[in-house]
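In what follows, a structure is listed as structure tokens, so that the remarks can point back to it.
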Amino acid sequence: NFRFSELSAEEINSPMKKLAFRNADLTDESFNELLKLLRYTPELLQAEFDDCALDGVGDFQPSESDIVRELGKVETLIIRRLHIPRFYSFNDLRSVYSLLEKVKRITVENSKVFLVPCEFSQRLRSLEFLDLSENLMVEEYLRNSACEGAWPSLQTLILSQNYLKSIERTGEILLTLKNLTDLDISRNSFRPMPDTCRWPPKMRFLNLSSTGIWAVKMCIPQTLEVLDVSNNNLDSFSLFLPRLRELYISRNKLKTLPDGSLFPVLLVMKIRENALSTFSKDQLGSFPKLETLEAGDNHLVCSCELLSFTLGQPALSQVLPDWPDSYLCNSPPRLRGQRVQEARPSVLECHQALLVSGVCCALLLLILLIAGLCHHFHGLWYL
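Residue numbers (the numbering used here): 1229 to 1611.
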């Protein structure tokens, strides 16, 4: 438990911008000592606590002068892996609500957070970014945390790897956040997606990666500009998203590229590690504005059509940033493991129709020749 000694006149008004504690053991009394330090760092913008332990119950008692001063210019508070031995006796931090009213960015990661009291959320009037990743949030307590009037300025909310189960309920609970634009609910184990959902009206970014979903439905908000559904169980994607500019759909089970007409303004699509067997000029041409496509590490069939297409597109690297190293043939067996760029089909594989036509013509000529010889030499008399 540290104690803060009063600074000399020369040390007052320190230009320090960031204050970090790592592997520190703190107590309730330490908090009050920390506030004394903040009096002398008026330029401090960020406070960070990593892998610290708090041996207390949140019984903080800041002085009246500290409450009036709040946290000065501090805009960012980061807490990662905070261990609280007396976790179930911890109080609601009511004594420090006013200290955080002007903080804009808060991260509390992997610290067993299961609830932000409604009154506390309402006091965080300046908060624009909130990261509660790897905690214990469930829909019931999230509803209390995102109560009416909570986080009125919040634009980005990260709830990755918590215990959320229902996409529909999560969207409905967050309707109170009128300014929310970016939502990360990845790494939660959601039940199947319903046909319809309600979301905050300004949603532009949604991260549903690693959530175990098997299908995307009209539940997805139509206002999205960026959607991440990577690392799921999707085998198709047929949802019309008129404003979508970026689609991240790697590590799924898609066998073909989605129809480009579903995404009229799409600029970026990452569809690596799926089950794509081919892509063609027509498929790529269906995306009117596509600038970047990452489709490497798929099970490509190096057919004559695919190889002919890639040979005729010398500027593929301008659209495919992972070309050519990530594009390998999976079949036929003789080409397996070769880069598509270097694979060359055999004449027999790519010109079968021409070969059959040639053989048929040769047989016809042979028959005509034999018939002519038989007629000329009266061969029928010898049969």
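All residues carry an ideal CB built from backbone N, CA and C; glycine is no exception. Everything numeric in this text was worked out from a predicted model, so none of it was measured.
Check: residue i C-beta below 6 Å from any heavy atom of the ligand ADP
{"i": "V1568", "result": "Looking at this structure, you won't find the ligand ADP or any other ligand, since it has none at all."}
Residue i burial status per 10 Å Cβ neighbour count (16 or more: buried)
{"i": "K1245", "result": "exposed"}
{"i": "L1673", "result": "No statement about residue 1673 is possible, as the shown extent of the chain runs from 1229 to 1611 and does not include it."}
{"i": "P1420", "result": "exposed"}
{"i": "Y1555", "result": "buried"}
{"i": "K1393", "result": "exposed"}
{"i": "E1292", "result": "Note that E1292 has pLDDT 48, beneath the 50 cutoff, so the model's placement of it is unreliable and the number below is only indicative. Counting Cβ neighbours within 10 Å, E1292 comes out exposed, since fewer than 16 surround it."}
{"i": "L1583", "result": "Residue placement at L1583 cannot be trusted, given a pLDDT of 47 that sits under 50; what the coordinates show is reported in the next sentence. Exposed: under 16 other Cβ atoms inside 10 Å."}
{"i": "W1551", "result": "buried"}
{"i": "R1351", "result": "buried"}
{"i": "A1503", "result": "exposed"}
{"i": "W1427", "result": "buried"}
{"i": "L1591", "result": "exposed"}
{"i": "D1294", "result": "Residue confidence is low: D1294 scores 49 on pLDDT, short of 50, so the model does not pin down where it sits. Its coordinate-derived value is still stated next. So D1294 ends up on the buried side."}
{"i": "A1543", "result": "exposed"}
{"i": "V1296", "result": "For V1296, the predicted structure reports a pLDDT of 43, less than 50, and the residue's modelled location is therefore unreliable. A value from the coordinates is still provided. Per the 10 Å Cβ criterion, exposed."}
{"i": "S1258", "result": "buried"}
{"i": "T1613", "result": "Nothing in the structure corresponds to residue 1613, since the chain is present only between 1229 and 1611."}
{"i": "G1221", "result": "One cannot answer for residue 1221 here, as it falls past the ends of the chain, which runs 1229 to 1611."}
{"i": "E1329", "result": "exposed"}
{"i": "I1307", "result": "buried"}
{"i": "I1595", "result": "exposed"}
{"i": "E1337", "result": "buried"}
{"i": "D1456", "result": "buried"}
{"i": "L1597", "result": "exposed"}
{"i": "L1593", "result": "exposed"}
{"i": "F1468", "result": "exposed"}
{"i": "C1447", "result": "buried"}
Bridge partners - residue i, DSSP secondary structure assignment
{"i": "Y1476", "result": "D1456, K1498"}
{"i": "N1435", "result": "D1412, D1456"}
{"i": "K1246", "result": "Q1274"}
{"i": "C1557", "result": "L1528"}
{"i": "E1333", "result": "The sequence given here places Arg at residue 1333; Glu does not occur at that position. DSSP lists T1304, F1357 as partners of R1333."}
{"i": "D1253", "result": "A1281"}
{"i": "I1386", "result": "D1359, D1412"}
{"i": "L1521", "result": "M1497"}
{"i": "R1567", "result": "L1556"}
Check whether residue i and residue j have beta carbons under 7 Å apart
{"i": "E1519", "j": "L1495", "result": "yes"}
{"i": "R1371", "j": "I1413", "result": "no"}
{"i": "R1681", "j": "V1285", "result": "The chain is shown from 1229 up to 1611; residue 1681 falls before or after that span and cannot be answered."}
{"i": "E1362", "j": "Q1389", "result": "yes"}
{"i": "S1458", "j": "S1478", "result": "yes"}
{"i": "T1409", "j": "Q1450", "result": "no"}
{"i": "C1280", "j": "F1249", "result": "yes"}
{"i": "L1462", "j": "L1434", "result": "no"}
{"i": "S1373", "j": "S1349", "result": "yes"}
Of the listed residues the options, nearest to residue i (C-alpha basis)
{"i": "D1359", "options": "C1346, P1380, R1333", "result": "R1333"}
{"i": "D1278", "options": "L1247, V1302, N1260, F1259", "result": "L1247"}
{"i": "G1205", "options": "G1399, E1356, F1491", "result": "The requested residue 1205 does not occur in the structure, where the chain is confined to residues 1229 to 1611."}
{"i": "L1272", "options": "D1550, F1357, A1503, E1303", "result": "E1303"}
{"i": "A1378", "options": "E1570, E1362, S1354", "result": "S1354"}
{"i": "S1536", "options": "A1503, P1573, Q1566, K1517", "result": "P1573"}
{"i": "E1347", "options": "V1324, F1357, P1422", "result": "V1324"}
{"i": "K1483", "options": "M1497, Y1476, F1507, F1468", "result": "F1507"}
{"i": "K1481", "options": "T1451, H1527, A1374, C1602", "result": "H1527"}
{"i": "Q1289", "options": "G1399, P1422, L1321", "result": "L1321"}
{"i": "E1356", "options": "S1339, V1336, V1331", "result": "V1331"}
{"i": "I1499", "options": "A1571, L1328, R1397, Y1476", "result": "Y1476"}
{"i": "L1436", "options": "D1423, E1453, N1460", "result": "N1460"}
{"i": "S1466", "options": "K1445, T1404, T1398, C1602", "result": "K1445"}
{"i": "M1365", "options": "C1425, E1376, T1538, P1345", "result": "P1345"}
{"i": "V1454", "options": "L1462, L1597, L1472, A1443", "result": "L1472"}
{"i": "I1441", "options": "G1488, S1417, S1349", "result": "S1417"}
{"i": "R1567", "options": "C1589, L1539, C1578, Q1546", "result": "L1539"}
{"i": "L1563", "options": "V1529, L1593, Q1541, F1433", "result": "V1529"}
{"i": "K1517", "options": "F1468, A1523, E1533, M1497", "result": "M1497"}
{"i": "Y1391", "options": "L1411, K1406, K1340", "result": "K1340"}
List in chain order: all unbroken beta strand (DSSP E) runs of 3+ residues lying wholly within the region 1301-1326. 1304-1308
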